Amino acid sequence: MNQKWIQRAIETYRYHAQKLKENKHWRLSDTAKALRRSLGSISEDVLIAEWLKEHDAEIKRFKYCKDALSYIRERQQQLECDTSHLDNNA
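Residue numbers (this note's numbering): 167 to 256.
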């Protein structure tokens, strides 16, 4: 299965991370402008790349980027609910 969106996410993340090392004031919007892409697409790529670090198999099972993003957002929401539940019991 050819998942170009995964490679794009990794390359975007690496580019952004390198620029951030060079300039601590570098922002996602700077990466978007430099790569001539929307801020939203850059943000999604960085999110995917970050999730790949811990959840490689889960993310790579998706054929389409939009499905991976839906999964990530759903998991984030579950994690936030779990964490807020713990906070309420403290």
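Note that CB positions come from ideal geometry on N, CA and C, so glycine has one too. All figures in this text were calculated on a predicted structure; none of them were measured in a lab.
L201 beta carbon near the ligand FMN (any heavy atom closer than 7 Å): The ligand FMN is absent from the structure shown, which contains no ligands of any kind.
Give the straight-line distance between the Cα atoms of A215 and A175, rounded to the nearest whole angstrom. 6 Å
From which residue to which residue does the alpha helix (DSSP H) around W217 run? L205 to K226
Using only the alpha-carbon positions, how far apart do A183 and L235 sit? 21 Å
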